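Engineer: Protein chains in written order, with full-length UniProt numbering: chain A, 1 to 476; chain B, 1 to 498. I am attaching a structure below and will ask some questions about it afterwards.
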Amino acid sequence: MLRKSVTESFGAAISSLNAAHLTDGVIRRSKRMMLDTLGVGLLGTRTPVFNVAFQHSKRFQAQESSSVWGRPGSFLPPYYAAFVNGVAVHSMDFDDTWHPATHPSGAMLPALLALIETLPSKTSGLELLLAFNVGLEVQGRLMRFSKEAHNIPKRFHPPTVVGVMGSAAATAKLLGLSPAQSVAALAIACSSAGAPMANAATQTKPLHLGNAGRWGLEASQLALLGLQGNKQILDLESGFRIFYQDYIPHHLAEVSPTASYRWVLEDQDIAFKRFPAHLGMHWVADAAVKVRAKILANEPNADLNQIKRITLRVPSSRYIDCPLPATEHQARHSFQFNCCSALLDGEVTVDSFSSKLMDRKALKELLLKVYLENPQDNQASFDKMYCEIKVEMNHGETYTARCNTFYGHWRNPLSQEHLVRKFKDNASTVLNTEAVNGIVQIIDSLETIDDCSVLGSYMQFHKHIHREEVCYSASA
Amino acid sequence: MLSKVQRSFRPWSTLSVVRGLHKSALDVVPRPTSEETVTSSFGRFIQSVQPRHLSPKVLQRSKRMVLDSIGVGLLGSTTEVFDLALQHCKHMYALDDISFVYGRSGTKLSPVLAAFVNGVAAHSMDFDDTWHPATHPSGAVLPALLAICDMLPSNSKPSGLDLLMAFNVGIEIQGRLMRFSNEAHNIPKRFHPPSVVGTMGSAAASARLLSLDRSQCSHALAIAASLAGAPMANAATQSKPLHIGNASRLGLEAALLASRGLEASPLVLDAVPGVAGFSAFYEDYAPRPLGYPEEEEHSFLLDEQDMAFKRFPAHLGMHWVADAAAVIHKTLVGFSMGSISPSMVQDILLRVPQSKYINRPFPESEHQARHSFQFNACTALLDGEVTVQSFQPEALLRPELHALLSRVRVEHPKDNPANFDRMYGEVEVTLVNGDVLRGRCDTFYGHWRNPLSNESLCKKFRNNAGAVLIPEKVDALVEAVDGLEYLTNLKPLLAQLQ
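Below, the structure written as structure tokens:
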């Protein structure tokens, strides 16, 4: 008897997992992810890159259409709604991060919500939760096939590799594809996977999430029409494996309708960001805030001009080492910038990346004093890295601080109160109070909701009826 | 270059010097002209190269490519995968009165989706052109360009020369990029080349036809890099044609996004240690900047390296074994006075290069059959040739064919590299009476070393296009492409395809 291929086991699992398999823990965690994603997405609709994506997509019309977040009365074909809303989610690098490293939710939620708006029958909150978690599970399992995936990436941007597969799996689940069709969706999606890291820290990076969402959705739709790809796409050397240097695929466990299922999310929680920058910046910011407190405790009238030198001990990673960032995108990927912002202001916030605050003389002068060191024991892995900061003052005094686990990391998760507050702060830049509270309530009781298409409507309850929305940041 | 800048500052990482200081350094240091990045040199080339740089040979060769590409696209509109792709696009998007669809008179799609389905058509039967290093360059570029032409207003359609210029830019960029890597010179194993360089070529060509400035051209390439790359595992499946369809549509999209101001990595083509750009798709990668067309004479790669056109719709490697087997067929016909019976044959040995995805003893679908040394050799043994009809379901199921297939062995001689410029195909048939017949093909007819005559190319086009268009339109297309560089606007060409 021939053993099923790994690919087949994925197809079978996608098709057979059902709502009864969702545990309380997984439901709770994934609802937090959804709320956070909606909030950062709404904030992101005020960025220039979202605007470009939106203008581009408006040339396409459709018989079916789905809501564009933050744009009352604007609808796009679901494929393009998934695209622009996905761009919004990642536009400020404010969305969730997992281990192994990827941004799992932004690749899936926009596509799922866009799809839901076009389905003939109502979709319940439980069905949405199931599809979301199926996609998440596929992403988590795929990343565990490779050691390379466990470190901060260098070659392919992970959301473009596993994110599109997750989107395909999630939308396949929602569409009720058979095991064979689910396999086809994965295979077709694989031909749309893979974008290079060089576009991280540029304005194009958000498109990686937008594209993952739309192409995963498209893969499922093509599979539904009967298109097929390689049925061994996860097994073959010439398949999904091409994105990794090392790769050992494993079968997903047989899914039994009666027995329980162990989800990756159960064992591995997710990190939510407190400010919109690459995850690595959060260690630096927390360490900098600590050392600032030490300085001020010792010398309450300390003038940060008196800093002679700042040493940052961080893991080695080229694309987040940027001594003098010129754009907001670069600033979000700069150890040095986030360190200096936190030192000056005691925190890093959404506003820290505005051109006004980026152009501050004091900040620019401080940046010139930063040196990076890459200690051997500081691994380029979000599960293992740390940040140590040493500040030397002109008069000789030295202060150090260290951050092993920033607040918001999976080892030290954001409290529910802080998560909801982050959502409300983000969402209320765009939506009216009724919508903001409405969304919080819906997500909170999502598993009891009959018809979750109301989410799409809420995402358009703009607080102003403006023609032209002022875009958030001036620099591109 | 970078070291000069570095010496005057503290030693930061190379990347941060360029990224962090690029804009501020511009204020201080006069912009070094001979020291630009590879990426910006490509952007500059796309925008500034002129029609006068197209030599007569390049014009002639690229027109042959345009003709062949349209023909295979028209024929491809009769395939199931094309139908599926079209249904997908029509179902998703309301009819947009803009860009034509091969073989569906009156049907229009938005430009990006038209590029998609027409690209799928071009590669649906693996009948489109192949270059060296290996890729299918035209199917990725032409659909996007023609879609743009339909998009532009009626009173400002591009001229034939504009189209040829943009087309050649798209081909040239593909050729230049492939020369950055030794890996690219061999039959691919990891990424399907059209999904890598084809997307870039489409972006470059579209950027040129849309008249983007040089910075936008660079960004179009960089955006396209984030849309490139599909695995070989989907070759020989029904999804393979989508690779070309997507290359065309995504390259066009990248150019459209760049035209709206979207920016991406300014170093995407350069080799930056620790952060992969376009280099992500290759194991070895050594980029070089493009020269200045304004200052030097630019020589297009198409001038030195011609194109292969296929005589039948199958992977290029099949053409060697088919030609080798056809020689043996002639002899066998002589022996058996007309028809060949598999019972005459004891053993068939194929000596071919080693390449997993085209070594299939018993193909189960037309897609697999187009990627099977064994199938194409046996078909040519039986019929004396391989044709479009050889891949029809009835032909695939012939018992005589199966009988021959079960007698095939495959060897991979060391001197037969998996490289379209150097491989050969040898067929050795042992008959039951003990006779051994050998056929060898080093260069099949249609290969760049032995190009199809204009007559043969035209005949292929007429057969293909005639499957779908009335004779008057077929003739008009041949005429339009023949005088393409003299057309002041493209309406005579576009009209036949609407």
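Think of the CB as a built atom: it goes at the ideal place given N, C-alpha and C, for glycine as much as any other residue. Since this is a predicted model, take the numbers as computed values, not measurements.
(1) Under a Cβ-count criterion, where at least 16 other Cβ atoms within 10 Å of its own Cβ denotes burial, should Lys273 (chain A) be classed as buried or exposed?
(2) Nearest to Phe444 (chain B) by CA position, among B:Leu67, B:Val141, B:Gly317, is which residue?
(3) Does Gly277 (chain B) come out as helix, strand or coil in the three-state DSSP assignment?
(4) Which residue comes first and which comes last in the alpha helix (DSSP H) that contains Glu137 (chain A)?
(5) Using a Cβ cut-off of 9 Å (strictly closer), state whether Glu365 (chain A) contacts chain B.
(6) Against chain A, which members of the segment 189-216 of chain B pass a CB distance test of less than 9 Å?
(7) Between Gly216 (chain A) and Val164 (chain A), which are expected to be in contact by the criterion C-beta below 8 Å, what is the C-beta distance as a whole number of angstroms?
(8) What is the DSSP secondary structure of Gln392 (chain B), counted as helix, strand or coil?
(9) So which residues on chain B does Pro196 (chain A) lean against when the C-beta distance must stay under 9 Å?
(10) In the DSSP assignment, what are the bridge partners of Gly439 (chain B)?
(11) Near Gly194 (chain A), what residues of its chain come up, given a Cβ to Cβ distance below 7 Å and the 5 sequence neighbours on each side ignored?
(12) Could you tell me the distance, in whole angstroms, from the CA atom of Gly119 (chain B) to the CA atom of Phe180 (chain B)?
(13) What does a CB cutoff of less than 7 Å around Gln174 (chain B) pick up in its chain, not counting 5 residues either side in sequence?
(14) Is the beta carbon of Leu84 (chain B) less than 9 Å from the beta carbon of Leu222 (chain A)?
(15) At the level of alpha carbons, what is the spacing between Leu207 (chain A) and Gln374 (chain B)?
(16) Counting C-beta neighbours from all protein chains within 10 Å, is the total for Tyr79 (chain A) 16 or more, i.e. buried, or is it exposed?
(17) Tell me the rounded alpha-carbon separation between Lys384 (chain A) and Gln60 (chain B).
(18) Give every residue of the same chain whose Cβ lies closer than 6 Å to the Cβ of Phe461 (chain B), excluding the five residues on either side of it in the sequence, and list them in chain order.
(19) Kindly provide the ranges of any alpha helix (DSSP H) runs that are 4 or more residues long and lie completely inside the segment 173-209 of chain A, ordered along the chain.
(20) For chain B, is any of its Cβ atoms less than 9 Å away from the one on Lys290 (chain A)?
(21) May I have a chain-ordered list of the alpha helix (DSSP H) segments no shorter than 4 residues that lie completely inside the segment 329-412 of chain B?
(22) Would Leu221 (chain B) pass as a contact of Gly43 (chain B) if the rule is Cβ separation under 9 Å?
(23) Going by alpha carbons, who is nearest to Gly408 (chain A) out of A:Pro323, A:His278, A:Leu129, A:Ile295?
(24) Between the segment 312-331 of chain A and the segment 364-377 of chain A, are three or more C-beta pairs nearer than 8 Å?
(25) To the nearest angstrom, report how far apart Met358 (chain A) and Ser154 (chain B) are at their CA atoms.
(26) Of all Cβ atoms in chain B, is any one closer than 9 Å to the Cβ of Leu207 (chain A)?
(27) Determine the chain A residues that contact Gln238 (chain B) at a beta-carbon separation under 8 Å, and present them in chain order.
(28) Consider the Cβ of Ser99 (chain B): report whether some Cβ of chain A lies at a distance smaller than 9 Å.
(29) For a contact defined as C-beta to C-beta under 8 Å, what are the partners of Ser192 (chain A) on chain B?
(30) Measure the Cβ-Cβ separation of Tyr319 (chain A) and Val275 (chain B) and say whether it is below 9 Å.
(31) Output, in chain order, the set of chain B residues within a Cβ distance shorter than 8 Å of Tyr247 (chain A).
(32) Grab the span of the alpha helix (DSSP H) containing Ala107 (chain A) for me, first residue to last.
(33) So, is the C-beta of Pro48 (chain A) closer than 9 Å to a C-beta in chain B?
(34) Grab me the residues of Thr79 (chain B)'s own chain with a C-beta within less than 7 Å of its C-beta, minus the 5 sequence neighbours each way, in chain order.
(35) Between the alpha carbons of Pro393 (chain B) and Leu86 (chain B), how many angstroms are there, rounded?
(36) Please specify which runs of the alpha helix (DSSP H), each continuous and at least 4 residues long, are wholly inside the segment 21-46 of chain A, giving them in chain order.
Structural biologist: Looking at the coordinates:
(1) In this structure Lys273 (chain A) is buried. Its beta-carbon is surrounded by 16 or more other beta-carbon atoms within 10 angstroms.
(2) Out of B:Leu67, B:Val141, B:Gly317, B:Gly317 has the C-alpha closest to the C-alpha of Phe444 (chain B).
(3) Gly277 (chain B) falls in the coil class under three-state DSSP.
(4) Here the alpha helix (DSSP H) through Glu137 (chain A) covers 125-143.
(5) No, Glu365 (chain A) does not count as interfacial toward chain B.
(6) Those would be Lys189, Arg190, Phe191, His192, Ser195, in chain order.
(7) About 5 Å separates the two Cβ atoms, so the contact holds.
(8) Correct three-state label for Gln392 (chain B): coil.
(9) Here the neighbours are Ala225, Ser226, Ala228, Gly229, Ser265, Val268, Val275, Ala276, Gly277, Phe278, Ser279, Ala280, Phe281.
(10) DSSP output for Gly439 (chain B) lists B:Val427 as bridge partner(s).
(11) In the same chain as Gly194 (chain A), and ignoring 5 residues on each side of it, the C-beta atoms closer than 7 Å to its own belong to Phe156, Thr160, Val161, Phe243, in chain order.
(12) Answer to the nearest angstrom: the Cα atoms are 25 Å apart.
(13) For Gln174 (chain B), where only same-chain residues beyond five positions count, the Cβ hits under 7 Å are Thr135, Pro137, Val197, Gly198, Met200, Gly201.
(14) One thing to note: Leu84 (chain B) has its Cβ within 9 Å of the Cβ of Leu222 (chain A).
(15) Cα to Cα, the separation comes out at about 43 Å.
(16) Residue environment analysis places Tyr79 (chain A) among the buried positions, since at least 16 neighbouring C-beta atoms fall within 10 angstroms of its C-beta.
(17) Linking Lys384 (chain A) to Gln60 (chain B) through their CA atoms gives a straight-line distance of about 60 Å.
(18) Same-chain partners within the cutoff: Leu67, Gly71.
(19) DSSP runs (the alpha helix (DSSP H)) wholly in the segment 173-209 of chain A: 179-190.
(20) Chain B contact via Cβ: absent.
(21) Counting only runs of 4 or more residues that sit fully inside the segment 329-412 of chain B, the alpha helix (DSSP H) segments are 366-369, 373-383, 393-396, 399-405, in chain order.
(22) Cβ atoms of Leu221 (chain B) and Gly43 (chain B): closer than 9 Å.
(23) Of the residues A:Pro323, A:His278, A:Leu129, A:Ile295, the one whose Cα lies closest to the Cα of Gly408 (chain A) is A:His278.
(24) The segment 312-331 of chain A makes contact with the segment 364-377 of chain A, as at least three CB pairs between them are under 8 Å.
(25) Distance between the alpha carbons of Met358 (chain A) and Ser154 (chain B): 47 Å.
(26) Yes, Leu207 (chain A) lies at the interface with chain B (some Cβ there is under 9 Å from its Cβ).
(27) Leu227, Gln228, Gly229, listed in chain order.
(28) No, Ser99 (chain B) does not count as interfacial toward chain A.
(29) Ala230, Asn246, listed in chain order.
(30) Closer than 9 Å, so yes.
(31) Going along chain B, no residue has its Cβ under 8 Å from Tyr247 (chain A), so there is no contact; the nearest lies around 12 Å.
(32) Ala107 (chain A) -> no alpha helix (DSSP H), and no H or E assigned at all.
(33) Interface residue, yes.
(34) So the qualifying residues of the chain are Ser124, Met125.
(35) One C-alpha to the other measures close to 22 Å.
(36) DSSP runs (the alpha helix (DSSP H)) wholly in the segment 21-46 of chain A: 24-44.
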